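Chemist: Got a structure for you, questions after.
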Amino acid sequence: MKNKRLLGKVAAVAVALLLWQAAAIWVDMRYLFAAPSDVLKTLLSLFGDAGTWGVLWRSCHKIILGFLIGLLLGAALGILAGRFSAVEIFLWPYMVTVKSVPVASFIVIALIWVKTAVLSTFISVLIVLPIIYNNILGGIRGADRKMTEMADVFSLPLGRRLLYIWMPAVKPFLLSAVHSAAGLAFKSGVAAEVIGLQNGTVGEMIHYARLHFESAELFAWTILIVVMSALFERVFSATLRGSFAGLERL
Amino acid sequence: MIKFNNVSKSFEGKQVLERFNLTLLEGDRVCLMGPSGCGKTTVGNLLLGILSPDEGEIFANRDDIAAVFQEDRLCEDFSALSNCRMVRPDMSAPYALSVLSKLLPAEDIHKPVRTFSGGMKRRVAIARALCADRKILLLDEPFSGLDGDTKESVAATICEHCHGKTLLMISHDRREAELLGAEIIEM
Numbered sequence: 005m006k007n008k009r010l011l012g013k014v015a016a017v018a019v020a021l022l023l024w025q026a027a028a029i030w031v032d033m034r035y036l037f038a039a040p041s042d043v044l045k046t047l048l049s050l051f052g053d054a055g056t057w058g059v060l061w062r063s064c065h066k067i068i069l070g071f072l073i074g075l076l077l078g079a080a081l082g083i084l085a086g087r088f089s090a091v092e093i094f095l096w097p098y099m100v101t102v103k104s105v106p107v108a109s110f111i112v113i114a115l116i117w118v119k120t121a122v123l124s125t126f127i128s129v130l131i132v133l134p135i136i137y138n139n140i141l142g143g144i145r146g147a148d149r150k151m152t153e154m155a156d157v158f159s160l161p162l163g164r165r166l167l168y169i170w171m172p173a174v175k176p177f178l179l180s181a182v183h184s185a186a187g188l189a190f191k192s193g194v195a196a197e198v199i200g201l202q203n204g205t206v207g208e209m210i211h212y213a214r215l216h217f218e219s220a221e222l223f224a225w226t227i228l229i230v231v232m233s234a235l236f237e238r239v240f241s242a243t244l245r246g247s248f249a250g251l252e253r254l
Numbered sequence: 096m097i098k099f100n101n102v103s104k105s106f107e108g109k110q111v112l113e114r115f116n117l118t119l120l121e122g123d124r125v126c127l128m129g130p131s132g133c134g135k136t137t138v139g140n141l142l143l144g145i146l147s148p149d150e151g152e153i154f155a156n157r158d159d160i161a162a163v164f165q166e167d168r169l170c171e172d173f174s175a176l177s178n179c180r181m182v183r184p185d186m187s188a189p190y191a192l193s194v195l196s197k198l199l200p201a202e203d204i205h206k207p208v209r210t211f212s213g214g215m216k217r218r219v220a221i222a223r224a225l226c227a228d229r230k231i232l233l234l235d236e237p238f239s240g241l242d243g244d245t246k247e248s249v250a251a252t253i254c255e256h257c258h259g260k261t262l263l264m265i266s267h268d269r270r271e272a273e274l275l276g277a278e279i280i281e282m
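Here's what the structure looks like:
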């Protein structure tokens with residue numbers, strides 16, 4: 005059954021690639037609409053260029069740093085808000101603002117406040133923080149009332165409540181939040197690089213590829229950053245799952 | 096000591112307890128017995144502070160009370176041993192193991208509780224309350240889901256660990272009260 009699904013997905017991708025190739029032949033303007041074969045050639049040449057890895061490193065480490073700061077801040081604030089409703093009320097206007105203001109507006113505003121070098125990190129923090137905060141808060145609020153009563157009866161201190169009562173309640177929320185937050189951190193981080201013209205980053209490469217009508221290069225860099233984002237999300241989620249399993253064995 | 100002084104409690108207009116009085120001294124063993132809905136579990140929840148009385152007073156030091164709830168209320172993803180150690184940070188693993196080994200097969204002690212049957216979970220809930228090692232033990236239907244022989248061995252373990260402690264049991268089965276040597280109070 006699983007193999008059948010996988011085969012189906014492979015076939016769907018193959019059909020999509022064929023349609024893309026056909027569309028590129030029909031449009032017949034490579035600088036505007038590159039064919040998959042051109043993108044593949046560009047990708048291979050990028051792989052062979054040592055500078056590519058430096059560009060990817062500069063983009064990824066800044067975005068991942070922002071993701072991790074957003075995760076830690078969001079988790080800490082979510083726990084505090086779950087424990088003390090006054091904190092939730094106090095944070096409400098900030099969280100609503102961060103959640104509802106368009107990313108592009110934030111990037112432009114942030115350009116005034118922070119150096120271009122830290123722009124993608126800053127934007128990643130802003131995007132990740134409310135997602136993690138809301139999910140942690142939802143998990144804590146959704147914790148079984150009877151388990152909380154049990155914790156009260158046995159006078160469990162905060163650390164043990166975190167581990168035994170809140171962690172199991174928060175786990176599914178956090179895993180799903182990490183899944184969406186990681187992807188959004190990369191998307192918004194690269195958007196910040198494009199708008200802020202961060203030096204030597206994927207965003208800058210995409211910007212110049214667009215300026216020079218190098219659509220094959222534009223697609224190739226986009227594919228590279230999508231792959232990096234998916235890889236990071238997989239590795240981080242697996243690490244998180246492993247950490248939860250380790251804590252449950254304590 | 097536990098003292099309920101003219102305690103009344105109602106839920107949505109339905110009077111469950113009316114001027115209820117109960118006094119338990121150190122070392123007393125009492126079983127509250129009565130039909131479903133007569134307020135037995137309400138007495139337990141009032142004692143634990145989960146509910147507040149509408150009228151009357153309850154005297155008891157809540158820090159001295161350990162409980163086996165009507166439901167198991169276990170941390171399902173954690174092992175039986177973790178569930179027991181959770182309630183007493185200073186308790187050594189060998190002590191928790193010694194309590195658990197009387198109630199569970201040794202090979203199950205380190206398994207996650209979610210893999211257990213209902214009866215095994217009940218025994219973990221009892222082990223957890225015993226490991227808390229408090230002066231008062233509240234047992235709300237402690238033998239539910241256990242078969243006859245298991246009830247006897249579990250009762251023996253409770254008696255062994257509750258020597259000199261106050262025990263308040265809630266049940267509707269007279270034989271279960273007798274297993275713990277508890278005085279029966281009809282409600």
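Quick note, the sequences are listed as chains A and R, same order.
Position 119 of the first sequence, counted from 1, bears residue number 123 in this note's numbering, the numbering being contiguous throughout.
Position 159 of the second sequence, counted from 1, bears residue number 254 in this note's numbering, the numbering being contiguous throughout.
C-beta: ideal position from N, C-alpha, C; glycine also.
Since we're looking at a predicted model, the values are computed, not measured.
#1: Would the stretch 132-151 of chain A and the stretch 71-83 of chain A be scored as touching if the rule is three or more Cβ pairs under 8 Å?
#2: Which residues in the same chain as Pro207(R) place their Cβ atom closer than 8 Å to its Cβ, once the five residues preceding and following it in sequence are excluded?
#3: Starting from Phe173(R), find everything on chain A with Cβ-Cβ shorter than 7 Å and list it in chain order.
#4: With burial defined as no fewer than 16 other Cβ atoms inside 10 Å of the residue's Cβ, what is the status of Thr118(R): buried or exposed?
#5: So, helix, strand or coil for Val182(R), using DSSP?
#6: Secondary structure at Ile261(R), three-state DSSP: helix, strand or coil?
#7: Quick check on Ala220(A): buried or exposed, where buried means 16 or more other Cβ atoms within 10 Å of its Cβ?
#8: Contact criterion: CB-CB distance below 8 Å. Does Met186(R) meet it with respect to chain A?
#9: Check the DSSP bridge columns for Glu150(R) and list the partner residues they point to.
#10: Can you tell me where the beta strand (DSSP E) with Glu113(R) in it begins and where it stops?
#11: Could you tell me which of Ala220(R), His267(R) and Asp158(R) sits nearest to Arg168(R), measuring between CA atoms?
#12: Which residues does DSSP pair with Arg296(R) in a beta bridge?
#13: Please state the DSSP three-state secondary structure of Ala38(A).
#14: Can you tell me whether DSSP reads Pro200(R) as helix, strand or coil?
#15: Does the CB of Arg164(A) have a neighbour CB from chain R at under 8 Å?
#16: Between Arg124(R) and the rest of its own chain, which residues show a CB-CB distance below 7 Å, the 5 nearest in sequence each way excluded?
#17: Secondary structure at Ala277(R), three-state DSSP: helix, strand or coil?
#18: Report the CB separation of Val206(A) from Val59(A) in whole angstroms; it is logged as a contact under 8 Å.
#19: Put Asp235(R) into one of helix, strand or coil per three-state DSSP.
#20: Can you name the residues of chain R whose CB is closer than 7 Å to the CB of Ser159(A)?
#21: Indicate whether Ile144(A) and Ile83(A) have their beta-carbon atoms separated by less than 8 Å.
#22: Using a Cβ-Cβ cut-off of less than 7 Å, give me the residues of the stretch 145-157 of chain A that come near chain R, in sequence order.
#23: Quick one: using the 10 Å Cβ neighbour count with 16 as the cut-off for buried, is Ile265(R) buried or exposed?
#24: Select from the stretch 97-114 of chain R all residues with a C-beta closer than 7 Å to any C-beta belonging to chain A, and list them in chain order.
#25: Short of 8 Å in beta carbon distance, which residues of its chain neighbour Leu254(A), apart from the five on each side in sequence? Order them along the chain.
#26: Is any heavy atom in the ligand MG found nearer than 7 Å to the beta carbon of Val125(R)?
#27: Taking DSSP's pairing of strands, which residues face Ser247(A) in a bridge?
#28: Starting from the Cα of Trp61(A), find the closest Cα among Ile29(A), Ala195(A), Ala26(A) and Gly204(A) and give me that residue.
#29: Closer than 9 Å, Cβ to Cβ, to anything on chain A: give me those residues from the stretch 145-169 of chain R, in chain order.
#30: Could you tell me the distance, in whole angstroms, from the CA atom of Ser187(R) to the CA atom of Arg180(R)?
#31: Count the other CB atoms, across all protein chains shown, that sit within 10 Å of the CB of Leu235(A); report buried if there are 16 or more and exposed otherwise.
#32: Can you name, in chain order, every residue of its own chain whose Cβ lies under 8 Å from the Cβ of Leu69(A), other than the five neighbours on each side?
Modeler: Taking the definition as stated:
#1: yes
#2: Scanning its chain for C-beta atoms nearer than 8 Å, with the 5 sequence neighbours on each side dropped, one finds around Pro207(R) the residues Glu171, Asp172, Phe173 and Ser174, in chain order.
#3: Tyr168 and Glu252
#4: exposed
#5: coil
#6: For the sequence presented, residue 261(R) should be read as Thr rather than Ile. In the structure shown, Thr261(R) sits in a strand (DSSP, three-state: E or B).
#7: buried
#8: no
#9: Ser103(R)
#10: For Glu113(R), the enclosing beta strand (DSSP E) starts and ends at Lys109 to Leu119.
#11: Ala220(R)
#12: The requested residue 296(R) does not occur in the structure, where chain R is confined to residues 96 to 282.
#13: In the structure shown, Ala38(A) falls within a coil segment according to DSSP collapsed to helix, strand and coil.
#14: Pro200(R) falls in the coil class under three-state DSSP.
#15: yes
#16: Leu262, Leu275, Gly276, Ala277 and Glu278
#17: In this structure, Ala277(R) counts as coil in the three-state DSSP scheme.
#18: 6 Å
#19: strand
#20: Asp158
#21: yes
#22: Lys150, Met151, Glu153, Met154 and Val157
#23: buried
#24: none
#25: Leu167
#26: Ligands displayed in this structure: none; no statement on the ligand MG is therefore possible.
#27: According to DSSP, Ser247(A) bridges with nothing at all.
#28: When only C-alpha atoms are compared, the closest one is Gly204(A).
#29: Ile145, Arg157, Asp158, Ile160, Ala161, Ala162, Phe164, Glu166, Arg168 and Leu169
#30: 8 Å
#31: exposed
#32: Thr125 and Ser128
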